[in-house]
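Chemist: Dumping the structure here so I can ask a few things about it.
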């Protein structure tokens, strides 16, 4: 077993654990292949059970003969372990470093994890494209499910099944795929039942500097338009960035070739800049200085909130085109795997009430992120403490969750799930015992045989006892389109993620519990009253004949 | 009424800040007390009432093709952008409002006209809703160490203090009078809060007239008496809430701060809260940020930083936390002052009160706290709120900052306050509205002279009547001293206050409303439950 080689010292006694806003604990530290465990010896309970995969970076400090390891986690928590003995400390540190940066996917924890719960519904089968297509079919017959990518050869980052206009055959799709970055030809993302308008997504067209065109591409996207109707192409990049992309073979749809489409450019930054932003924000949040000016200027300099605003603005624009203008929309950026998905998924949160249910939100994540080929493994390899050379890490999914949280905060009664569910997805995207967020695309997942070899996060979540924790007690189904405000005053820093470890949660937890209590009590009371009334009605009807002489 | 030139103007547009297309058309009416805008366009007859006293500034913008623009800014942070059809009418309305929004005499204030249909008995009763003698008893006064004194009879010792003052028993009459002479405007050290558990106290005063070297034996004795009144600590803190530089500059004018060498066993420190002028400018800048048309996130955050507003809020809260910690953790008494002891001192003492005593976090207790630290101790409401046409340099949002500090605390401690955000905002609006007499006048003496209690009504009974809507549904009793986290990142911009009227910026569904309706349902449900149970047992 390879792990044993990496663990030089599997166990150290007398280790002191420091965690923010929690009492200091002394205990025995154990290293296993996938976990760092600390148990205080008094009652043999685990005080800490940390997945190596959750460790983002470590620092060592030495004072005299003992050392400390500062562990920075991907969920932005920082803990400190004081370890007696220089050698032990060095051994532990190097083991953690090695175990938390294992390159081989097959050594990751999900392949070793065995569930301690009964799998009632296998999450790997919960959100199959065939099922989603059935729903679509019940609303419209203008679309078909194509198997053109069944061996992932037409577009390596697409799933085996994609939804495309009915009149477009597979040969056309193959031709279009050569005209789009990474083969990501336009596919259906969302069908707006209310007016039959659609949202499509793709990657940039490969027009290059000499304005190459592709008749099939034009035909494909025009096939989504109703007669005499115009559509909108939302390019998530600024016109300057889109222009520059031409030199590298990319580009954008020229008006002359796509006369029925109006192109709008927005300014969502590239993923590398988003990563930088997260690093700066996390750094600002950990600044313990008491200067307000410094905090605000660091917050501003991180640009995180600007990204949130820009992304939400673009999603609102897409939703507006569909719902208010009654027009269909095609969304893309460069690769079509990051900013594009942010826009298409958030637009659905705004437009589609079913995506605000727990199940519907899972389906959205599954459809618009996992199957749509957002490279989770690459993007979430490291979080805010990544230093040195980046290898495609970026908090794109975290930004999505942040934006959902912003909408949730503005419409606290319109979501079936609460903040805890968003936090759960954030944590599991970065480190998990489940296989759901492994790999970069459907092809990866098939190759790794994830459905056979790992447990799906959804298998665990979709059980009554867990669902209850994630349910929003204030939820009242709201069938309307919900328009969030994107004014800077309306967008807050997501405390649940960024201030989570910088404050005691005691008071806020108490408030949440109280809220749940009030609502539960009311429900119970209502039930009691209703049952009493039924009883009374029964008594009255029974007594009725007796009272009449 | 003689100031109203044109009482009614039709076809006035009310511009929407975001969507110019969505502007409403309606009629404005000028009454003796209000400007009323009645929307006539969408058959809705939506009405907007603006109290003249709430108007802080009027601006006539250059004539445009669509009309004559008039911008009205309010002390409640409401901003109206009207478009009047004719220049002449605009000028008339402008002239009238200018005069109506800046009364010259106290008699012109709304409170002296306002008649809520209460009889004399009820009026008198209303003024006794909040009684400071009761609060002294609640705190545990008189006791072995503290008593109330009548030395300020006829406001002779200190004209801006109330008649009823609490002082240490160990201080002789000569000490008290001597100390008063050595303090700016005679504002001697007097009790603000007695902490039952620790016996430590918070006392407040104004700066000493120490100049570069002056001493006053009685003042030194006074501080010593305060220190000795607390058996649990060998020392006491003297907190100057000003920045050190400001305090030093005051020495040249014969004022200044305590020299640690002259007072036995004091620990002196500065808290660095800026003066009223800095605060006024800061709010001005903050409001400019709030009024930006469609700012980028960066514009907004930079503007927020440059306004310095949250920095000042943090400074006030930090000072309050210092006081609360000294009293409850170190069991040491504190004497607080700034320059005159009626602005920063009032802020810091009242914040400390909130942190230390759960009573002040109740609806009634909060009224008592405002009455005690602000109204009674001579916060100059008339001047600070600009009730009358006067020196604009005397206007400052000192009270607003206190209200915001409380709001920041409610965000950190959602279950310990009996009241909700609306209560705070309503009090704030009433401070400026002058509909009730509570916040008219600069000190108790002035209020007695104008016979305020006979001529106006008290706000408190009216708020208590509507208590239901001001309740915090999450409120749970029993919590001791609050220990807020004052790292900068825990402070938020208070959109509900400064952008109160920009409904589009607020959450579209209100958790508060939802929970309040549950509270209502709960009451109804319980009644029905009891009713049904009785009916069944009767069967």
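Chains as they are written, first to last, in the working numbering: chain V, 1 to 549; chain H, 550 to 1088.
A virtual CB, placed ideally from N, CA and C, is assigned to each residue, including glycine.
For chain H, is any of its Cβ atoms less than 9 Å away from the one on residue 292 of chain V?
Modeler: Taking the first chain and counting its residues from 1, one reaches residue 292 of chain V at position 292. Chain H contact via Cβ: present.
Chemist: Measuring only the C-alpha atoms, how far is residue 275 of chain V from residue 395 of chain V?
Modeler: As a working note, residue 275 of chain V is residue 275 in the first chain. As a working note, residue 395 of chain V is residue 395 in the first chain. Using only the alpha carbons, I get a separation of about 6 Å.
Chemist: Return helix, strand or coil for residue 430 of chain V, following the three-state DSSP convention.
Modeler: Taking the first residue of the first chain as position 1, residue 430 of chain V is located at position 430. Reduced to three states, the DSSP call for residue 430 of chain V is helix.
Chemist: Give every residue of the same chain whose Cβ lies closer than 7 Å to the Cβ of residue 636 of chain H, excluding the five residues on either side of it in the sequence, and list them in chain order.
Modeler: Position 87 of the second chain, counting from 1, holds the residue named residue 636 of chain H. The answer, listed in chain order, is 612 and 617.
Chemist: CB-CB under 7 Å to residue 191 of chain V, same chain, minus the five flanking residues each way: which ones, in chain order?
Modeler: Along the first chain, read from residue 1 onward, the residue named residue 191 of chain V stands at position 191. If we look at residue 191 of chain V and ignore the five residues flanking it on each side, its Cβ neighbours are 136, 139, 140 and 198.
Chemist: So residue 143 of chain V is in the beta strand (DSSP E); what residue range does that whole segment cover?
Modeler: Taking the first chain and counting its residues from 1, one reaches residue 143 of chain V at position 143. Start and end: 143-146.
Chemist: If you measure from the beta carbon of residue 533 of chain V to each beta carbon in chain H, is any gap under 9 Å?
Modeler: Stepping through the first chain from its first residue, residue 533 of chain V is reached at position 533. It does: the Cβ of residue 533 of chain V has a partner Cβ on chain H nearer than 9 Å.
Chemist: Along chain H, in chain order, which residues have C-beta atoms closer than 9 Å to that of residue 305 of chain V?
Modeler: What you label residue 305 of chain V is simply residue 305 of the first chain in a count that begins at 1. Chain H residues near residue 305 of chain V: 846, 847, 849 and 850.
Chemist: Looking at the secondary structure, which residues open and close the beta strand (DSSP E) in which residue 598 of chain H lies?
Modeler: For the purposes of this step, residue 598 of chain H is taken as residue 49 along the second chain, with counting starting at 1. Start and end: 596-600.
Chemist: Give me the Cα-Cα distance between residue 158 of chain V and residue 356 of chain V, rounded to the nearest whole angstrom.
Modeler: Position 158 of the first chain, counted from the first residue, corresponds to residue 158 of chain V. Position 356 of the first chain, counted from the first residue, corresponds to residue 356 of chain V. For residue 158 of chain V and residue 356 of chain V, the distance between alpha carbons rounds to 25 Å.
Chemist: If the criterion is Cβ atoms closer than 9 Å, does the pair residue 1032 of chain H and residue 967 of chain H meet it?
Modeler: Here residue 1032 of chain H corresponds to residue number 483 of the second chain, with the count starting at 1. Here residue 967 of chain H corresponds to residue number 418 of the second chain, with the count starting at 1. Contact: no.
Chemist: Say whether chain V places a C-beta atom closer than 9 Å to the C-beta of residue 1037 of chain H.
Modeler: The residue labelled residue 1037 of chain H in the question sits at position 488 within the second chain. Yes, contact with chain V.
Chemist: Under the DSSP definition of a beta bridge, which residues are partnered with residue 50 of chain V?
Modeler: The sequence position of residue 50 of chain V within the first chain is 50, counting from 1. Beta-bridge pairing links residue 50 of chain V to V:36.
Chemist: Assign residue 286 of chain V to one of three DSSP states: helix, strand, or coil.
Modeler: Counting from one through the first chain, the residue named residue 286 of chain V turns up at place 286. Residue 286 of chain V falls in the coil class under three-state DSSP.
Chemist: Three or more C-beta pairs closer than 8 Å, one from the segment 227-236 of chain V and one from the segment 325-343 of chain V: is that the case here?
Modeler: Yes, they touch.
Chemist: Where does residue 402 of chain V land, buried or exposed, given buried means 16+ other C-beta within 10 angstroms?
Modeler: Within the first chain, residue 402 of chain V is the residue found at index 402, counting from 1. With 16 or more other Cβ atoms within 10 Å, it is buried.
Chemist: For residue 684 of chain H, count neighbouring Cβ atoms within 10 angstroms of its own Cβ and tell me buried if that reaches 16, exposed if not.
Modeler: On the second chain, position 135 is the one that residue 684 of chain H refers to. By the neighbour-count rule (16 or more Cβ atoms within 10 Å), residue 684 of chain H is buried.
Chemist: Could you check the C-alpha separation between residue 754 of chain H and residue 479 of chain V for me, to the nearest Å?
Modeler: By 1-based counting over the second chain, the position of residue 754 of chain H is 205. By 1-based counting over the first chain, the position of residue 479 of chain V is 479. The alpha-carbon atoms of residue 754 of chain H and residue 479 of chain V are separated by roughly 60 Å.
Chemist: Name, please, each residue of chain V whose Cβ falls closer than 7 Å to the Cβ of residue 1054 of chain H.
Modeler: Here residue 1054 of chain H refers to the residue found at position 505 of the second chain. The contacting residues are 485, 487, 489 and 490.
Chemist: What separation, rounded to the nearest whole angstrom, lies between the Cα atoms of residue 662 of chain H and residue 986 of chain H?
Modeler: To locate residue 662 of chain H, count along the second chain from 1; it is residue 113. To locate residue 986 of chain H, count along the second chain from 1; it is residue 437. Answer to the nearest angstrom: the Cα atoms are 11 Å apart.
Chemist: Would residue 300 of chain V count as contacting chain H if we go by Cβ distances under 9 Å?
Modeler: Position 300 of the first chain, counted from the first residue, corresponds to residue 300 of chain V. So yes, residue 300 of chain V belongs to the interface.
Chemist: For residue 295 of chain V, which residues of its own chain have a beta-carbon under 7 Å away from its beta-carbon, when the five flanking residues on both sides are left out?
Modeler: In the first chain, residue 295 of chain V corresponds to position 295, counting from 1. These residues qualify, in order along the chain: 284 and 287.
Chemist: Could you tell me which residues DSSP pairs with residue 607 of chain H in its beta bridges?
Modeler: The residue given as residue 607 of chain H occupies position 58 in the second chain. Bridge partners of residue 607 of chain H: H:621.
Chemist: Bridge partners for residue 752 of chain H per DSSP, in chain order?
Modeler: Locating residue 752 of chain H in the second chain gives position 203, where the first residue counts as 1. DSSP, once it has assigned bridges, lists H:740 and H:884 as partnering residue 752 of chain H.
Chemist: Any beta carbon of chain H sitting closer than 9 Å to that of residue 284 of chain V?
Modeler: Your numbering for residue 284 of chain V matches position 284 in the first chain. Output row for residue 284 of chain V: interface = yes.
Chemist: Quick check on this structure: which residue in H:1070, H:909, H:833 and H:1055 has the alpha carbon closest to the alpha carbon of residue 411 of chain V?
Modeler: Translated into the one-based positions of the first chain, residue 411 of chain V becomes position 411. The candidate whose alpha carbon is nearest that of residue 411 of chain V is H:1055.
Chemist: For a test of the three-state rule: what should DSSP assign to residue 823 of chain H, helix, strand or coil?
Modeler: For the purposes of this step, residue 823 of chain H is identified with residue 274 of the second chain, where counting begins at 1. DSSP places residue 823 of chain H in coil when its eight states are reduced to three.
Chemist: Would you kindly report the start and end of the unbroken beta strand (DSSP E) that includes residue 643 of chain H?
Modeler: The residue given as residue 643 of chain H occupies position 94 in the second chain. Looking at the DSSP string, residue 643 of chain H is not in any beta strand (DSSP E); the run it does join, the alpha helix (DSSP H), is 636-649.
Chemist: Leaving out five residues on either side along the sequence, give the residues of the same chain with a beta carbon under 6 Å from the beta carbon of residue 231 of chain V.
Modeler: On the first chain, position 231 is the one that residue 231 of chain V refers to. Once the five neighbours on either side are set aside, the close Cβ partners of residue 231 of chain V are 225, 261, 327 and 328.
Chemist: Show which residues of chain H have a CB atom less than 7 Å away from the CB atom of residue 515 of chain V.
Modeler: As a first step, residue 515 of chain V is located in the first chain; it is residue number 515 there, counting from the start. Here the neighbours are 1023 and 1064.
Chemist: Just curious, the beta strand (DSSP E) that residue 576 of chain H is in, first and last residue?
Modeler: Translated into the one-based positions of the second chain, residue 576 of chain H becomes position 27. From DSSP, the beta strand (DSSP E) with residue 576 of chain H extends over 573-579.
Chemist: With DSSP as the reference, identify every bridge partner of residue 695 of chain H, one or two as the case may be.
Modeler: In the second chain, counting from the first residue as 1, residue 695 of chain H sits at position 146. Answer is H:717, bridged to residue 695 of chain H.
Chemist: Note down, in chain order, all residues in the segment 408-432 of chain V with a beta-carbon under 8 Å from any beta-carbon belonging to chain H.
Modeler: So the list reads 409, 410, 411, 412, 413 and 414, given in the order they occur along the chain.
Chemist: Are residue 866 of chain H and residue 973 of chain H touching if we call contact CB-CB under 9 Å?
Modeler: Locating residue 866 of chain H in the second chain gives position 317, where the first residue counts as 1. Locating residue 973 of chain H in the second chain gives position 424, where the first residue counts as 1. No, the Cβ-Cβ distance between residue 866 of chain H and residue 973 of chain H is not below 9 Å.
Chemist: Once DSSP output is grouped into helix, strand and coil, what is the label at residue 628 of chain H?
Modeler: As a position in the second chain, residue 628 of chain H is number 79, starting the count at 1. In the structure shown, residue 628 of chain H sits in a strand (DSSP, three-state: E or B).
Chemist: Can you tell which of H:921, H:1085, H:845 and H:555 has the C-alpha that lies nearest to the C-alpha of residue 487 of chain V?
Modeler: To locate residue 487 of chain V, count along the first chain from 1; it is residue 487. The shortest C-alpha separation from residue 487 of chain V is found at H:845.
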